[in-house]
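Residue numbers (the numbering used here), protein chains in the order written: chain A, 133 to 530; chain B, 17 to 160.
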C-alpha cells in the first residue's frame, strides 16, 4: 500500500466524503435543521430541556460515517418480521443505539412519568372532581386528528394513531405510543409534540377569546374544599388499580405517574421523591432527548409525511383546545356561571403551561381573578386523559 | 375475549384503515376516555364525601373520637408483643431551647404553610424571626 492509497482511504472514511454518498444532501439539510432547533432551544428557550437534546441527537446522527446510530436495526421489514436483534445492538451498536434501547423498550417515557408524578399536585383536581370531565373533553382533539390523518390516505392505522396523540400535548405519552405503533415517525412526532407545547402561550389565547364571551372570561371561581393528606395518598393507589383494570395497556404509563405521585404524597419517601423529581428526571430527559433526535435521519425525515405531521399536530393542538373550551362553556351553563370556561383549555396536558395560559387570559379581563389553581385541575386530569387515550389506541393497534 | 381484543383483531397497525373505521374508533375512543374519567370523578367525589363526612361527625361528636381512639388502641394488640424501648429522660421531658418563647398552636394549618407565613411576616415587617412571637396560626374558611 502506497502513501497515495492511504490518503485516499483516509479521505473516503471522513464524514465529508460521506456527504457525496446516497442520502448525503439530506444529511446536510438535517444538520441545518438541527442547528435551527438548537437556536430555537438556546436562544428562544422553546422547551430547551428537551429540544437541545433532540437537536444535538439530530446533529450527531446525520454526521456521515459516525456509526452512532443504525436506523435499519430498529425499523424496516426485517425488524417487523423478526424483532430487534438486541445482541447485535449491544455488540456492534453505537452510543445512540445503546441509548435508544430505553426508547424502544418504553422505559424512558415511564421513568419520566415517575418524575412527572412526583412533581404533580392532584389536590386541585381532587377538590373539584368535575375537572376530570374537562381533562377528558380535551382528548377529543386526539380522535379528530386520527380521522384527519386517516383521511389523508398517507398513513397506516398505526401511524395515524401515533400522529393523533400529538394532540394530547404530552411528550412522554406520544413517544411511548409511537415507539410501538410507528417507530419510523418517532422523530417528527416528538419534535412536533414538544415544539407545539412550547408554543401553547401563542396558540391557545386566540381560540380562548374567540369561543368565550367577556362575561364568561370574567367569571371568578370560588375556592373549593380542602383535600386531606389521606385522600392524596389514596388517590394514586385507587387510580392505578381502577384504570389499569379497565384498560390494562395504560398500566405502564399511568402506573409510573401514580407511583411517582405516591412517593411525593405518602410523606415517608422524601429522598425517593426528590430523586424522581430531580436527578432521575434530568438523567432520563438527557437520554430521551438525544436518542429521539437520533431517529431523525435525513432520508426518512425529509418527506412529505413529516410536513403533513407538522400540520396535523398543529390542528390537533387547536382542536384539543376547542374541545376543552366547549365543554368548559357547557360546565359554565350547568354550574350557573360558577365555572370559568377558560379553564377548559387547560385540559390539554402540557402541565403547567396550559394552566398558566388560562390564568393569564383570565387576568387580562378581571384583575385579581387568579385561575391558576382552578386550571391545574383540568390540566393534571388531561395527563390522565391522554394516557387513557394512548392506552386505547395501543389496545386497538398494538 | 374482551371487546378490546376483538377490536385489536380487526385493525393491523401496518395497514391503512377506512375513514368510516376511523370515525367509529374515534367515537369508541372518546366514549372510553369519558367513561374512565367519569368513573374516576365519581370515585374521587365519593372518597371526598366520606372524608368530609367523618370530619363533620368528629366535630359534632367529639366523644366519638375518643371512643375510636380507644378501639384503635385495643386493636393494636401486637404492640404488646413488641419490645418496649424505655423512653429516655431527655425524650420525656425535653427542656425548651434557650431563647424560646413558648409553643406555637397550629389550627387547620400545615407546618409548611405556617413556616411560610412566619417568613413572610418577618420579611414584610423587617423583623428577625427570633424577635417575633407567634402564638397561633389558624386557617380561615372562605364564605361560599
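Where is the CB? At the ideal position from N, CA and C, for every residue including glycine.
Less than 8 Å between the beta carbons of residue i and residue j, yes or no?
{"i": "residue 489(A)", "j": "residue 332(A)", "result": "yes"}
{"i": "residue 417(A)", "j": "residue 185(A)", "result": "yes"}
{"i": "residue 274(A)", "j": "residue 297(A)", "result": "yes"}
{"i": "residue 328(A)", "j": "residue 449(A)", "result": "yes"}
{"i": "residue 290(A)", "j": "residue 529(A)", "result": "yes"}
{"i": "residue 522(A)", "j": "residue 387(A)", "result": "no"}
{"i": "residue 257(A)", "j": "residue 503(A)", "result": "no"}
{"i": "residue 206(A)", "j": "residue 320(A)", "result": "no"}
{"i": "residue 190(A)", "j": "residue 425(A)", "result": "yes"}
{"i": "residue 367(A)", "j": "residue 245(A)", "result": "no"}
{"i": "residue 480(A)", "j": "residue 486(A)", "result": "yes"}
{"i": "residue 153(B)", "j": "residue 136(B)", "result": "no"}
{"i": "residue 201(A)", "j": "residue 229(A)", "result": "yes"}
{"i": "residue 409(A)", "j": "residue 247(A)", "result": "yes"}
{"i": "residue 277(A)", "j": "residue 451(A)", "result": "yes"}
{"i": "residue 67(B)", "j": "residue 355(A)", "result": "no"}
{"i": "residue 241(A)", "j": "residue 385(A)", "result": "yes"}
{"i": "residue 145(A)", "j": "residue 430(A)", "result": "no"}
How would you write the range of the alpha helix (DSSP H) that residue i sits in, first residue to last?
{"i": "residue 458(A)", "result": "436-466"}
{"i": "residue 68(B)", "result": "35-76"}
{"i": "residue 146(B)", "result": "Premise fails: residue 146(B) is in no alpha helix (DSSP H) and is neither H nor E."}
{"i": "residue 310(A)", "result": "303-313"}
{"i": "residue 363(A)", "result": "361-378"}
{"i": "residue 242(A)", "result": "239-251"}
{"i": "residue 185(A)", "result": "180-193"}
{"i": "residue 612(A)", "result": "Here chain A covers residues 133 to 530 and nothing more, so residue 612(A) does not appear."}
{"i": "residue 544(A)", "result": "Since the displayed chain A opens at 133 and closes at 530, residue 544(A) lies outside it and no answer follows."}
{"i": "residue 349(A)", "result": "346-349"}
{"i": "residue 403(A)", "result": "402-407"}
{"i": "residue 271(A)", "result": "No alpha helix (DSSP H) holds residue 271(A); DSSP gives it neither H nor E."}
{"i": "residue 353(A)", "result": "Segment: none, residue 353(A) is in no alpha helix (DSSP H) and carries neither H nor E."}
{"i": "residue 488(A)", "result": "485-497"}
{"i": "residue 29(B)", "result": "Looking at the DSSP string, residue 29(B) is not in any alpha helix (DSSP H), and its letter there is neither H nor E."}
{"i": "residue 397(A)", "result": "383-397"}
{"i": "residue 473(A)", "result": "Unbroken run through residue 473(A): none, as it is neither H nor E."}
Counting along the chain, where does the beta strand (DSSP E) carrying residue i start and finish?
{"i": "residue 121(B)", "result": "121-123"}
{"i": "residue 154(B)", "result": "152-154"}
**OP:** Could you name the residues of the stretch 126-138 of chain B whose beta carbon sits closer than 7 Å to any beta carbon of chain A, in the order they occur along the chain?
**Re:** none
Original post:
Along the stretch 259-277 of chain A, what residues have a CB closer than 9 Å to any CB found in chain B?
Top reply: Residues 259, 261, 262, 263, 264, 265, 267, 268, 269, 271, 272, 274, 275, 276.
Subject >> Against chain B: residues of the stretch 355-370 of chain A by CB proximity under 9 Å >> reply: 355, 357, 358, 359, 360, 361, 362, 363, 366, 367, 370
**OP:** With 9 Å as the C-beta to C-beta threshold (strictly closer), list the residues of the stretch 43-60 of chain B near chain A in chain order.
**Re:** 43, 44, 45, 46, 48, 49, 50, 51, 52, 53, 54, 55, 56, 57, 58, 59, 60
Original post:
Quick check: the stretch 48-56 of chain B against the stretch 335-354 of chain A, are there 3 or more CB pairs under 8 Å?
Top reply: no
**OP:** Evaluate contact between the stretch 56-66 of chain B and the stretch 360-374 of chain A, counting only Cβ atoms and requiring at least three cross-stretch pairs below 8 Å.
**Re:** yes
Original post:
With a cut-off of 8 Å, do at least 3 Cβ pairs link the stretch 426-441 of chain A to the stretch 468-479 of chain A?
Top reply: no
Original post:
Name the residues in the stretch 505-530 of chain A whose C-beta lies less than 8 Å from a C-beta of chain B; which are they?
Top reply: 513, 516, 517, 520, 521, 524, 525, 527, 528, 529, 530
Original post:
Hey, is the stretch 396-412 of chain A in contact with the stretch 154-169 of chain A, meaning 3+ C-beta pairs nearer than 8 Å?
Top reply: no
Subject >> Proximal residues, the stretch 27-44 of chain B versus chain A, C-beta separation under 9 Å >> reply: 27, 28, 29, 30, 31, 32, 33, 34, 35, 37, 38, 39, 41, 42, 43, 44
Subject >> Contact set between the stretch 412-424 of chain A and chain B, restricted to residues whose Cβ is under 8 Å from the partner >> reply: Within the stretch 412-424 of chain A, no residue has a Cβ that lies closer than 8 Å to any Cβ of chain B.
Subject >> Interface positions of the stretch 135-164 of chain A facing chain B (Cβ-Cβ less than 9 Å), listed along the chain >> reply: The stretch 135-164 of chain A vs chain B, Cβ under 9 Å: nothing.
**OP:** Answer yes if the stretch 261-268 of chain A comes into contact with the stretch 510-521 of chain A, meaning at least three C-beta pairs across the two stretches below 8 Å, and no otherwise.
**Re:** yes
**OP:** Note down, in chain order, all residues in the stretch 372-392 of chain A with a beta-carbon under 9 Å from any beta-carbon belonging to chain B.
**Re:** Going along the stretch 372-392 of chain A in chain order, one finds 374, 375, 378, 379, 380, 381, 382 with a Cβ nearer than 9 Å to chain B.
Original post:
Just by C-beta distance, which residues in the stretch 454-478 of chain A are closer than 7 Å to chain B?
Top reply: none
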